[in-house]
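Chains as they are written, first to last, in numbering that gives the first Met the number 0: chain A, 0 to 228; chain B, 0 to 271; chain C, 0 to 580. Note that beta-carbon positions come from the ideal geometry of N, C-alpha and C, so glycine has one too. Beneath this line is the structure, given in structure tokens, with notes to follow.
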Amino acid sequence: MASFTTTAPVNVPEISLSEGGRPDRTRLRRARLGLIVAVTPILMLFVSFTSAYIVRQGLPTFDPRTNSLIRDWIPVRLPSILLVNTCVLLLSSVGMELARRQIKNEAAFASAAPNPAVSPTKAKGLPWLSMTLVLGLLFLFGQWTAWRQLAANGFHVATTPSSSFIYLLTGAHAIHLIGGVIALFVACVASSLHRPATTRSIVVDITSWYWHFMAVLWVYILCLLKFAS
Amino acid sequence: MGLVLLIVICIITFTSIFFFLARTWWFPAGAAAAAAALDHQFVNTGVAMGIAFVVAQVGLGLILWKYRDRGSSGGAQYYSGETHSEILVIVLAAIGFMAMDIGVDVLGGHLWAAERFRPAEAGATKVEVNAMQFAWYFRYPGPDGKFGATTPELEDASSGGEGAIGLDSRDPAAKDDIVSGIMVVPVNREVEVILRAHDVVHSFAVPAMRFKQDAVPGLAIHMHFTPTRTGDFELLCSQLCGLGHYKMHGIVRVVTNEEFDKWLAAREAEKQ
Amino acid sequence: MATHEFAAEASHAHAAPQGFIRKWIFSLDHKVIGLQYFFLALASVCVGMFLSLLMRIHLIWPTAVLPFLGEIKPETYLSLVTMHGTIMVFFVLTTAPQAGFGNYFLPIQIGAPDMAFPVLNMLSFWTTFLAFVAAVTTFFVIGGAPLHGWTGYPPLSALQAAGPGEGLGADLWAISIALFCVASLMGALNFITTTLDMRAKGMSLMRMPLTCWAWFLTAVLGLLAFGVLLSACILLLMDRNIGTSFFVPLGTINGQVTAHKGGSPLLWQHLFWFFGHPEVYIAILPAMGICSQVLSVASRKPAFSYKAILLSMLSIVTLSFTVWGHHMFISGMSPYSAYGFSITTMAITVPSAILTFCWLATLWRGKIQFTAPALFGIGFVSLFVSGGVTGPFLAQPALDIPLHDTYFVTGHFHLIMGVASIFGIFAATYYWLPKMFGRMFNEKLARLHFWVSFAGTYAIFMPMHYLGLAGHPRRYSQLTEVGFLHDLIPLQKFITFAAFITIAGQLIFLVNLFWSLKFGAKASDNPWEATTLEWTTATPPPHDNFGGHTPVVYNGPYEYSVPGAPRDYVMQTDPEIEPAH
């Protein structure tokens, strides 16, 4: 049964606002939530590629010439530069994390002294950000080199099913990483233009988690190609 | 409006049911061993679903009529949260539906198992069904009981059945293979079909036999069925395969054992 | 008071844009974007319906010469079939109920000023638009639109020589779908983040209207499923253009040996249907939410029962990822897994049955007002039942054998996915038109539209089940040349004439819609006397949705006929009345 009760007037608590009118922790929380959601379909894409990889590997195909089922999977030896690239990417992840923490401190300091016109610590995170960007580009160049090495050995994208998957998985990863590189570049530019620390902090925070995800994804792809052959 | 809705819903419901009950348009007469049980299972499911259909639709109509807004001052029945009786009804509905599902599945499952979980019997008539854009070719292994090799490179549709499937005459086992444009099988003996497709996915469907199976390029799929009536039965392609999909039909000709042996002997003689 | 800070936040963050381009073309306002999606879906459904009209004409008059189009050849018929399916499933059923109404009303119903990421929202619309352009362009390129069906099974869809339209047309088709996947994923991102993070004070998850839950769960489905379809499209484009062999085995096509070998057509089917089955729930879930909403409003009763409906929707979402193999029982996949899929498919009928029961129970002991939204909600329930009861036939692999790829399947999915969802879209349109445009539609025309559509769609799709029983295969273009089908042509004729009438009936809707936009009676802020947040704000809602103040929610969304209340509805924002919960 319903009843009438007069509810007390709603007490809205005091909230500290920064530019844009929204509380900082709300913006960060929302951005992080958005990132988790955004990463999910990327994960599903690679889950799908993985299942295609596993299925294709084990799949026999009917050979009409012998009236029997044959398997045609020939593993391809991975270029050794891929290991170097992996180290480069993991290193870049370290740099990214350092940048993230540094800028987080910078933002906390800035909001404790709330004068947005003054940015007391001038773009401290920039060196780490730049290092990450350079290492990221180095990784991409290394991947490109790996492709050239594969091609030089006669393994193009359509040569064998295993080579198709190598190009597919590394290529799809690289495309997504380029997205991260663009975000990094934006973060670097924002830093050097002395955008407000809290906004920069959020951009770098999101970019860094995305970057770490890309690094973990790469390690996974490498393991898949190397050990599930 | 409530009454009109009830009437229209009832008309739609009972008209639909009528044509199912009257079997105005129905499966072709069964011609395979599996047909009777399958048709029976269909009817079982039909009864269960028919009851659900009528109850739900007529129930909807009655509710619309009974609880239409007549402009009276009374309100609708409020409730806050789920009372015990409501939870009970939901749970009972869930259990009821689950029971029906399981019952139907258990009954139908063994039909599937009987047809698909076991390989063909020894001594079944082997026929290799070759599907291609837009024709069916049927290959018999000949006296050696083996299917010879085929190669895609040798395929040439203009030179008749053997050319169409790319029969490789260099293979000794291929020399006695018989390729026919019509599938001839003996009655009351299990037929093992080996389904192959040469270009795109096709589907071998014989409605009278209640048999259907996709023919997939890259696979050779072994299935079996047992025809129980003589006659010519329509074979229809049932997987979109291109612009000629509709004209890719064939004939499954079921004959007596003697007629089959005679036909086979005549074709084998032609190969000498 | 502290509310002033919220007001400042709201107006600061959402100063209305100036200029035609920023206001109507590249708008960041979720309401404008919702309308853009709505009108895109409207254009798509007109195209899709036109294609189906041509299909129905061709089936019974295959040699007819049509003005401008000439005679429809078999391959053209198959292109019509392909693009009808593609456009309807993607650009109508996945767009209007979710991206259209969801974009417009999700933020308002939860008390938010906009979606979480407005720029992304704008990009997702324009990507969808680009995908639509790519789809329509397939008709105008060399070779025409592809003929491989909306399901696009390779090798037919992977080999350029497999048929007319399988060249550039098929590439464009795959690109269109890939773009649509990306756009939908962007949209899902917004829906999920907004629902989780931007609800107004007092709007707990369990106080959200069921429409919001439906949009949220649909977005979750999309988030998990569209990535898989995208991967399948990528692999297909690679097979088609750079010679890989993911899906294509060794074989011949058009007399030539293919350059591929070792690929698996079944791999495509698995990937496609892993997406494809959740996709049908993406098409129907928003309509379920809308139905729950309009039936509650129309009956002046709380939806029965909020928790059961929610739990059923959640079960459907979970189970929908486990049933995809029921599209593949006779595909050549393992018969053992077929049996497993059969069990999960049967299981998913249970929440669907519970939902139907809940809708009936919502109407039970109600005080039903037969407004246009209510009529379409009622029609939805009837169609959902009709389409639903033929499911258990197809869910049993043994019974699927004679019924697979026949018109029985076509009748089944059109009723339960196509028409039911369209009725949900109509219900939503009539329900929310007053709020979106500030005008009431013509009630008589709306009722006529309902009757023609209700009877008409049954007349079209119920007979298809009989055709299927008799063994009539799908996607056959020249019925008169197939002796086996001779006796079934009268029934096909009946269906075509029913289609003529039903399609003509949709003109009533178009006339009503566009006439009302201009000349309809002015709508009050709450013409349906409904309780959810969109009815608390101005008509049409201002740029930031609530005119500078953020709503505070006290009640659930279905407080109708609360005993002792002064009116038969209690707004969610109404603090004086607090039903005992």
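- No Cβ of chain B is located within less than 8 Å of the beta carbon of residue 55 of chain A.
- Unbroken alpha helix (DSSP H) stretches of 4 residues or longer found wholly inside the region 305-337 of chain C: 305-318, given in chain order.
- The C-beta distance from residue 167 of chain C to residue 191 of chain C rounds to 36 Å, too long to meet the 8 Å contact threshold.
- A Cβ of chain C is located within less than 8 Å of the beta carbon of residue 48 of chain A.
- Here residue 147 of chain B is not near residue 156 of chain B, since their CB atoms are 8 Å or more apart.
- Ranking C:511, C:256 and C:163 by CA distance to the CA of residue 198 of chain B puts C:256 first.
- Here residue 423 of chain C is near residue 286 of chain C, since their CB atoms are less than 8 Å apart.
- Under the 10 Å beta carbon count, residue 140 of chain A is surrounded by fewer than 16 other beta carbons and is classified as exposed.
- Residue 502 of chain C is bridged by DSSP to nothing; it lacks a bridge partner.
- Any Cβ of chain C closer than 8 Å to the Cβ of residue 43 of chain A would place that residue at the interface, and such an atom is present.
- Chain order gives the chain B residues near residue 64 of chain A as 148, 149, 150 and 167, where near means a beta carbon separation below 8 Å.
- Around the beta carbon of residue 419 of chain C, 16 or more other beta carbons sit within 10 angstroms, so the residue counts as buried.
- Of all residues in the region 211-223 of chain B, the ones placed with a Cβ closer than 7 Å to any Cβ belonging to chain A are 217, 218 and 219, in chain order.
- Residue nearest to residue 174 of chain B within the set B:166, B:116 and B:206 is B:166 (criterion: CA-CA distance).
- Between the region 266-285 of chain C and the region 313-328 of chain C there are three or more inter-stretch CB-CB distances shorter than 8 Å, so the stretches are counted as touching.
- Bounds of the beta strand (DSSP E) holding residue 236 of chain B are 230-236.
- Residue 69 of chain C has C:65 as its beta-bridge partners, per DSSP.
- Distances from the CA of residue 116 of chain C to each of C:185, C:437, C:494 and C:518 were compared; the closest alpha carbon is that of C:185.
- Between the region 395-406 of chain C and the region 101-116 of chain B there are three or more C-beta pairs closer than 8 Å, enough to call the two in contact.
- The beta-carbon of residue 61 of chain A is placed less than 8 Å from the nearest beta-carbon of chain B.
- Residue pairing by DSSP places residue 62 of chain A opposite A:67 in a beta bridge.
- Contact annotation: residue 561 of chain C and residue 467 of chain C have beta-carbon atoms that are not nearer than 8 Å.
- Under the rule that a run must span 3 or more residues, no beta strand (DSSP E) segment is found entirely inside the region 205-272 of chain C.
- Contact between residue 36 of chain C and residue 84 of chain C is absent: CB atoms are separated by about 20 Å, not below the 8 Å threshold.
- One Cα belongs to residue 97 of chain C, the other to residue 217 of chain C, and the distance between them is close to 8 Å.
- Each residue's CA atom was taken as its position, placing residue 547 of chain C and residue 32 of chain A some 26 Å apart.
- Collapsing the DSSP output to three states places residue 491 of chain C in a helix.
- In the structure shown, the three-state DSSP call for residue 173 of chain A is helix.
- Residue contact check for residue 36 of chain A against chain C: a CB pair falls below 8 Å.
- Contacts with chain C at 8 Å (Cβ-Cβ) include residue 235 of chain B.
- For residue 87 of chain B, the closest of C:171, C:304 and C:440 by C-alpha to C-alpha distance is C:304.
- Contact annotation: in the region 397-418 of chain C, residues whose CB is within less than 7 Å of a CB in chain B are 397, 398, 400, 401, 403 and 404.
- Within chain A, 29, 32, 33 and 36 have C-beta atoms less than 7 Å from the C-beta of residue 192 of chain C, given in sequence order.
- Below the 9 Å Cβ cutoff, chain C contributes 334, 335 and 338 as neighbours of residue 116 of chain B, in chain order.
- The beta carbon of residue 160 of chain A falls within 8 Å of a beta carbon belonging to chain C, placing the residue at that interface.
- For residue 260 of chain C, the closest Cβ of chain A is nearer than 8 Å.
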